[in-house]
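Numbering (full-length UniProt numbering), first residue to last: 1 to 204. Yeah, the Cβ is synthetic: ideal placement off N, Cα and C, and Gly gets one too. Here the structure is a predicted model, which is why all the values come from computation and not from measurement. Data first, discussion second: the structure below is written as structure tokens.
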């Protein structure tokens with residue numbers, strides 16, 4: 001009996017060919033513009049890696065946004081080189097920017113700090129499990145590498161991280177989590193006195 005040669009159908013080749021076609025673009029994007037990181041550790045809980053989730057969070061981080069060092073602002077979640085050891089990358093939230101005055105948390109030795117030019121104050125959302133500016137002080141913007149754009153895993157949490165808002169009503173777990181997130185954000189923001197903006201009057 002003559003052996004028949006097997007040739008893959010065109011449809012079977014379509015997906016692998018598409019992958020090969022788009023792979024170079026994906027490499028460029030992840031190398032120069034964006035990257036995907038697995039969030040590890042509890043310092044950003046419950047915003048990232050919440051205890052109730054069965055999976056670690058995966059997030060896309062924008063590297064282009066930080067080429068202009070002024071494009072990262074209060075409440076942005078960023079990655080940066082540790083000022084104590086640049087081999088380590090940290091993920092924290094910007095709490096204050098240059099010119100702002102922030103009320104610190106223990107163990108920082110000063111009660112208040114005015115953020116110098118070219119620096120930011122960063123903290124984890126779980127202050128009891130975070131080594132952040134309350135330990136090592138303001139962070140140079142030059143150490144910032146990327147900022148979080150959106151989550152891509154787990155499926156139940158895919159999307160952008162929205163600014164916490166006061167929930168109007170409810171009683172279940174979702175309502176309680178939303179209320180807790182709003183209260184944390186309010187408490188964090190209440191510790192910051194923004195830099196005074198000088199308004200230059202228009203010439204008559």
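Q: Compare the C-alpha of residue 165 against each of 148, 152, 184 and name the closest.
A: The option with the nearest alpha carbon to residue 165 is 184.
Practice problem: Would you tell me roughly how many angstroms separate the C-alpha atoms of residue 102 and residue 125, rounded to the nearest one? | Solution: Straight-line Cα distance between these residues: approximately 16 Å.
Q | Under the three-state DSSP convention, the category residue 146 falls into | A | Correct three-state label for residue 146: strand.
Notebook entry, point to check: With DSSP run on the structure shown, which of helix, strand or coil describes residue 183?
Noted result: In this structure, DSSP gives residue 183 a helical state, which the three-state scheme calls helix.
*Alpha carbon to alpha carbon, how far is residue 168 from residue 177?*
If I take the Cα positions, the gap works out to 13 Å.
**Message:** Please report the distance separating the alpha-carbon of residue 111 from that of residue 40.
**Reply:** Spanning the two alpha carbons is a distance of roughly 30 Å.
Quick check: what's the CA-CA separation for residue 45 versus residue 160? Approximately 16 Å, taken between the alpha carbons.
From residue 87 to residue 80, what distance separates their C-alpha atoms?
Each residue's alpha carbon lies about 10 Å from the other.
Buried or exposed by the 16-neighbour rule on C-beta atoms within 10 Å, applied to residue 174
Burial call: exposed.
**Item:** Residue from 43, 186, 100 with nearest C-alpha to residue 194
**Value:** For residue 194, the closest of 43, 186, 100 by C-alpha to C-alpha distance is 100.
Item checked: For residue 65, the three-state DSSP class (helix, strand or coil) -> Three-state DSSP puts residue 65 in a helix.
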